[in-house]
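Novice:
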Amino acid sequence: MQSRNVNLEREDHLKITETNLTIMMEFVLLGFTDIPQFQWFLFGIFLVIYMIILLGNGVIILITRVDAILQTPMYFFLRNFSFLEICYVSITLPRMLMDLWTQKGTISLFTCATQMCFFLILGTTECFLLAVMAYDRCVAICDPLHYPLVMCPEVRIRLVVASWISAVPVQIGQTCQIFSLPFCGSNTINHFFCDIPPLLKLACGDIFVNEMVVYIFGILFVTVPFLLILGFYIRIISTILKLPANTGWTKAFSTCSSHITVVLLFYGSATVTYLKPKSNQHEGIDKMISLFYTILTPMVNPIIYSLRNKDVRKAMRKFLP
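Following my numbering, the numbering of the sequence shown begins with 1 at its first residue and continues without gaps.
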């Protein structure tokens, strides 16, 4: 009798385990289902935004590639940055559009992990590339005589390649660590894409180590590049202030203002998301903040760089009717 009870308990445990495994083979992205009456409206808005991002950044890539005036290191980095923005937003926005269109948010475990991994890699690449662009401006303004030598084609390519590949092994490892956690209970992700903070809320057991890893990588890949950018601009400002007022203050500041605006938009929203204390409150606000660095920043980048840059505006007038 006792043996039979043990066997029944084992069978029940296996059934429960199998059920949990079946559930956790996929997640459900809630997205913006809390406002169902606006689903089609949101689909239209985000579709227009995606087209603006593709068109705007595509134009930047085209004109910086073919226009003779824009064959300088600054526009080489800008071209790579625009390409990165297209890749970055394509990780999340097409999936969100599909979910809004189908009114379903189911996503497989593998697809969710793949989306998060590429999102982290490209997000880290953006942090590094923004730091490289700040370094480029620092050399151009503070050491203009050696600028062509310091930013020769070989150096530019190495800096860009390093920005793209430096975080790949680390972010693959972090993704594997997150998805090796046991997920139990709800499989509903209160977000519009697979990101670390909402996924950790679904994990069972002690996740203290995982949270510490997120903070450490956040400091390394967000805070450190930001401090480098800050250091470069402190040097730039100190150099500009030493110049006579009529020797190019306006031009020097104008070449940096676009980059500073993008840095503040991206780093401000990303820092709030990844370095703030964990909380189950105000999840709707967290989603809105995520929209800033996933969608808004890639959309406004071409606008910022074209409106504030005379050379870009001239090149655009040549190629656009």
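Beta carbons: idealized from backbone N, C-alpha and C, even for Gly.
Among P198, P298, A134, I285, which has the Cα closest to the Cα of R156?
Specialist: Taking only the C-alpha atoms, the option nearest R156 is A134.
Novice: Spatial neighbours of I69 within its chain, please: C-beta separation below 6 Å, excluding the five flanking residues on both sides.
Specialist: D311, listed in sequence order.
Novice: T188 by DSSP, collapsed to three states: which one?
Specialist: The answer is strand: DSSP assigns T188 an E or B state.
Novice: Please go through the same chain and pick out, in chain order, the residues whose beta-carbon is closer than 6 Å to the beta-carbon of T294, but skip the five residues on each side of it.
Specialist: Only T92 meet the Cβ criterion.
Novice: Could you give the DSSP three-state label for L21: helix, strand or coil?
Specialist: With a pLDDT of 41 at L21, under the threshold of 50, the modelled position of this residue cannot be trusted; read the value that follows with caution. Correct three-state label for L21: helix.
Novice: Assuming F232 and C138 make a contact with CB atoms under 8 Å, what is their CB distance in whole Å?
Specialist: About 4 Å; that satisfies the 8 Å criterion.
Novice: How many angstroms separate the CA atom of G105 from the CA atom of D99?
Specialist: Roughly 5 Å separates the two Cα atoms.
Novice: Using C-beta distances below 6 Å, list every residue in its chain close to R79, excluding the 5 sequence neighbours before and after it, in chain order.
Specialist: Excluding positions up to five away in sequence, the list reads I61, T64.
Novice: For the stretch 140 to 197, list the alpha helix (DSSP H) runs that are entirely contained and at least 4 residues long, ordered along the chain.
Specialist: Taking only runs of at least 4 residues, the alpha helix (DSSP H) segments lying wholly in the stretch 140 to 197 are 147 to 150, 153 to 165, 168 to 179.
Novice: For the structure I just gave you, are there three or more beta carbon pairs, one from the stretch 103 to 118 and one from the stretch 26 to 36, closer than 8 Å?
Specialist: Touching, per the Cβ criterion.
Novice: Would L130 and F266 qualify as a contact pair, given that the criterion is a beta-carbon distance under 9 Å?
Specialist: It is a contact, given that the beta carbons lie within the stated cut-off.
Novice: Closest by CA to V224, which one among L291, T124, L145, P73?
Specialist: Checked all of L291, T124, L145, P73; the closest Cα to V224 is T124.
Novice: T271: which of Q171, C127, L243, A140 sits nearest, CA to CA?
Specialist: Cα-wise, what sits closest to T271 is C127.
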